[in-house]
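Heads up: the structure comes next, in structure tokens.
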Amino acid sequence: MSIELLIELQKECTELAVAGTDLSIGNFKLEKLLPKFEKIGEKIKLFKMVSDRIKNLLNSEKEESADNLIALSTLVNAILLTQAQTGIEGKINVLEGCNKKINTCTQNRKIEPVVQALTSTGGGRYAVIEEAFKEGVFSDTRLLPLLIMGLDDKYAEIGQLIYDKLSLHSDEIPLSLLQETFNRQGKKGDALRLRLIAKGLEDGGRELCINLLEDSSKEVKVEAVTILGNFNDTEGILTDRTKAEILLEQAKSKIKDIRKAAYLGLVKINTEDAKEELKKAIKKSDYNIVLEVMEENYLENYENGVLNHADILVTGLKDAYGKMVKNNTLSNLDKIIEILKELRIYKSEEAFKFLIKCLEEDIMVDWEKTQYSNVMSVERYIINCIAEYENIPQEVLELIETRKERNGGRIFDLAFKVSLNNRKSEEVYGIYSPYFINKTIKKDILENALEHFSKYLGYTDRNCARHGWYRNLGEDEIKTMLEPVCKEFDKRWINIFKEYSAYGLLAYTIDEKDTATIEFMANKIKNFQHMKKDVRARFREYSIAFMDITIGLIKIGHEQAYEAILEDLKNPRSFSTMDEMLLFIPYLPQSYREDLKKFIKDSRNSDKYVSNSYEATRLITMEDILNSFK
12 MSIELLIELQ KECTELAVAG TDLSIGNFKL EKLLPKFEKI GEKIKLFKMV SDRIKNLLNS
72 EKEESADNLI ALSTLVNAIL LTQAQTGIEG KINVLEGCNK KINTCTQNRK IEPVVQALTS
132 TGGGRYAVIE EAFKEGVFSD TRLLPLLIMG LDDKYAEIGQ LIYDKLSLHS DEIPLSLLQE
192 TFNRQGKKGD ALRLRLIAKG LEDGGRELCI NLLEDSSKEV KVEAVTILGN FNDTEGILTD
252 RTKAEILLEQ AKSKIKDIRK AAYLGLVKIN TEDAKEELKK AIKKSDYNIV LEVMEENYLE
312 NYENGVLNHA DILVTGLKDA YGKMVKNNTL SNLDKIIEIL KELRIYKSEE AFKFLIKCLE
372 EDIMVDWEKT QYSNVMSVER YIINCIAEYE NIPQEVLELI ETRKERNGGR IFDLAFKVSL
432 NNRKSEEVYG IYSPYFINKT IKKDILENAL EHFSKYLGYT DRNCARHGWY RNLGEDEIKT
492 MLEPVCKEFD KRWINIFKEY SAYGLLAYTI DEKDTATIEF MANKIKNFQH MKKDVRARFR
552 EYSIAFMDIT IGLIKIGHEQ AYEAILEDLK NPRSFSTMDE MLLFIPYLPQ SYREDLKKFI
612 KDSRNSDKYV SNSYEATRLI TMEDILNSFK
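And the structure:
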């Protein structure tokens, strides 16, 4: 009873503090509470002190009311704090399935906004939760139940964020807590719970997932099938049925997402039954799902190795191609293109032979005048697949080369790519250089060909052949350009690189004995330096050209490059390129670094120096880089 009275009085004090302390003088609520405290105060001295302070407040002068209200509130709060419950009755049990040490030391001011974000709706909550993870707030054990409930958040991104963080420390999550809140008829949140439970149960998760294949929601069932597909069943311990049997059964589901989960498991199994099911699916309307899971599986597991699915893809390609030829219709064209995109990753003798057959039959030429935009794309995809093979037969190579001018040079760049990998360098130059010199093919197609040239030589950056507007120079790219050229090439291409402003290729292939090219690049960098500052800052392409040329001159130790770098560091062209210029500092000789140190010191001693300006930050960054050298 006394605790309730104190809480009521505490609430009244809080309201008076907000409304105004002068309202406490003669306040009828306080007058109503006073007799109750006086009665208890006859037995308990502390409550007599409370009743005395209530009287003082009721009878206060206006200027004294604030002090008297504070005195009363302080006393009431102190009593309530000492009366708070600090434990619970009963035996304390260890949380099962949890290796987490109990932590309840996080300050309440940090916990409160997180609790609010997890128990409410509205915008801004994702940022609060994400920041709390960064600060380690969720290490507090008291937040675990709320976190697990957060998996069900209506804003799916929050549930996914919580799962991603919890999965990193799944051994610290009480399995009992996950299992108690799991609903087999639930939605996305329960699918995420199942993923965590299965991870915690390890081999025991198989039986759970098999059980969930019956009488569970779509989301939970999809997750169960996905988990089963990822289990390694090489020892045949997946209960009484093998993994393949279960997945084959689920592949017959009427629900697309369940079939997709089953296919995702089947592409990881090297059995005839699994292959046959995938071959059947790729010939039907599910072909797009099969291609999707193949791509997904490749991206996730290519570093560890994936099964070669060329035979499955060829089955789908032959079926679609045969129907198109038989019916003389373009209805399967999109399907053919999608299969060809995936077939580029996988190789087989059967696939190569069929690609050659498609190329030789050349049925697309009969439809090239139609309005269907993808007709001529098929030829590009076929040649792109063929280009992945080595030692292409001479007759096939010549067939591809004879078509390089067709349809405005639509396959010119791919024919160039095939020739690069299968002909001597002087032969490639003799066949293709006239098109670059005479410009008989569109410029963008020729530039695409130069991109293939850069990859062939070993410089893999896709923009090296042209200065793209949004290309960002990186430290790895500089290192790559400074390495020796991986393959021999006809040096006559250098003049074509100059003509097409392929400064990245010029930089990568520069030879210190080629005085003409060195002079060309030195003059280019001088021209760039003399351009008006506002023009250089506005046009990103000039910056890229400048940096490519600079790297080339660094490669041969040319003084012009060091002078240009030093000038640009002292007088940056624009904010956007400053970070890239900083990457060049490690390549400056010692004398230039000393010059830069002197510039930093003089700038700080200048009358124009402002400590919190962008200029000051720039100087600090340069100084940090310089100090990192031994």
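If you're matching positions, the sequence shown starts at 12 in our numbering and goes up one per residue. Cβ coordinates follow ideal geometry from the N, Cα and C atoms, glycine included.
Of the residues the options, the one placed nearest residue i, counting alpha carbons only
i      : options                        : result
VAL233 : ARG204, ASN243, LYS50          : ARG204
LYS121 : GLY133, ALA143, THR192, GLY135 : ALA143
SER512 : GLY276, CYS24, ASP455          : ASP455
THR520 : ASP501, GLN405, ASN538, ALA533 : ASP501
ASP226 : PHE365, LEU219, ASN241, GLN196 : GLN196
GLU288 : ASP164, GLU634, ALA262, ASN119 : ALA262
LEU207 : ASN194, ILE422, LEU224, TYR174 : TYR174
GLY211 : ASN222, LEU189, LEU224, VAL231 : LEU189
GLU458 : ILE403, ARG421, GLU438         : ARG421
TYR137 : ILE505, LYS145, GLY147, LEU172 : LEU172
LEU431 : LYS466, LYS453, TYR446, LEU69  : LYS466
LYS644 : LYS329, LYS619, LEU68          : Look at the range of the chain in this structure, 12 to 641, and you will see that residue 644 is not part of it.
ASP487 : GLU353, LEU594, ILE18, ALA77   : LEU594
THR326 : GLU591, ILE576, LEU351         : LEU351
LYS644 : ALA460, ASN449, ASP606         : Because the chain spans 12 through 641 in this model, residue 644 falls outside it and cannot be assessed.
GLU462 : ILE442, PHE423, GLY441         : PHE423
LYS145 : THR561, GLY563, LYS176         : LYS176
ILE300 : ASP284, LYS271, ASN281, ILE323 : LYS271
PHE610 : TYR443, PRO597, ARG629         : ARG629
GLY469 : VAL496, GLN601, LYS453         : VAL496
GLU570 : ILE536, TYR440, SER388         : ILE536
LYS267 : ASN281, GLU283, ALA292, ALA285 : ALA292
Same chain, Cβ closer than 8 angstroms to residue i, neighbours up to 5 away in sequence not counted
i      : result
VAL126 : LEU154, LEU157
GLU53  : LYS59
GLN540 : ALA575, GLU578
Sequence-distant residues of its chain with Cβ nearer than 7 angstroms to residue i (five each side left out)
i      : result
ALA82  : ARG64
ALA167 : LYS199
GLY170 : GLY161, LEU162, ASP163, ASP164, LYS199, GLY200, LEU203
THR132 : LYS165
LYS40  : GLU23
ILE442 : GLU412, SER430
Contacts around residue i, its chain only, beta-carbon distance under 6 angstroms, and the 5 residues preceding and following it disregarded
i      : result
LEU129 : LEU157, GLY161
LEU493 : LYS566
ASN194 : ASP201
ASN339 : none
Whole-angstrom distance between residue j and residue i, CA atom to CA atom
i      : j      : result
VAL621 : ALA627 : 7 angstroms
ALA426 : GLY568 : 37 angstroms
LYS358 : GLN405 : 19 angstroms
GLY20  : LEU86  : First, the residue type needs correcting, since residue 20 is Leu and not Gly in the sequence shown. So the alpha carbons of these two residues sit roughly 11 angstroms apart.
LYS612 : GLU634 : 10 angstroms
GLY333 : LEU516 : 43 angstroms
LEU16  : LYS73  : 26 angstroms
ARG221 : ASN315 : With the sequence shown as reference, residue 221 is identified as Ile, and Arg is not the correct amino acid for it. If you take the alpha carbons of ILE221 and ASN315, they lie about 27 angstroms apart.
ALA572 : SER614 : 23 angstroms
GLN382 : ALA362 : Only weak support exists for where GLN382 lies, its pLDDT of 46 falling under 50; the value from the coordinates is given anyway. About 29 angstroms.
ALA331 : LYS254 : 30 angstroms
TYR392 : GLU218 : 45 angstroms
THR451 : ILE269 : 53 angstroms
GLU307 : GLU230 : 19 angstroms
VAL29  : ASN88  : 17 angstroms
THR25  : LEU45  : 17 angstroms
GLU303 : VAL317 : 15 angstroms
LEU27  : GLU191 : 45 angstroms
MET335 : TYR400 : 26 angstroms
ARG417 : THR491 : 36 angstroms
PHE149 : ASP590 : 35 angstroms
TRP504 : PHE557 : 21 angstroms
ASN449 : GLU437 : 18 angstroms
LYS453 : PHE447 : 10 angstroms
ARG414 : ASN506 : 26 angstroms
THR561 : LYS364 : 47 angstroms
Cβ of residue i within 8 angstroms of any chain C Cβ
i      : result
LYS291 : Of the protein chains in the structure, only one exists, and it is not chain C.
Give the list of continuous alpha helix (DSSP H) stretches no shorter than 4 residues that lie fully inside the stretch 214-260. Counting only runs of 4 or more, we get 216-222, 229-241.
>> Runs of 4 residues minimum, wholly inside the stretch 251-312: which ones carry the alpha helix (DSSP H) assignment?
In response: Fully enclosed alpha helix (DSSP H) runs of 4 or longer: 254-261, 267-277, 283-293, 298-312.
query = Hey, which unbroken runs of the alpha helix (DSSP H) at 4 residues or more fall wholly within the stretch 125-153?
reply = As far as the stretch 125-153 is concerned, its whole alpha helix (DSSP H) runs of at least 4 residues are 136-146.
| field | Inside the stretch 419-457 only - alpha helix (DSSP H) runs reaching at least 4 residues | value | Runs of the alpha helix (DSSP H) inside the stretch 419-457: 423-433, 436-449.
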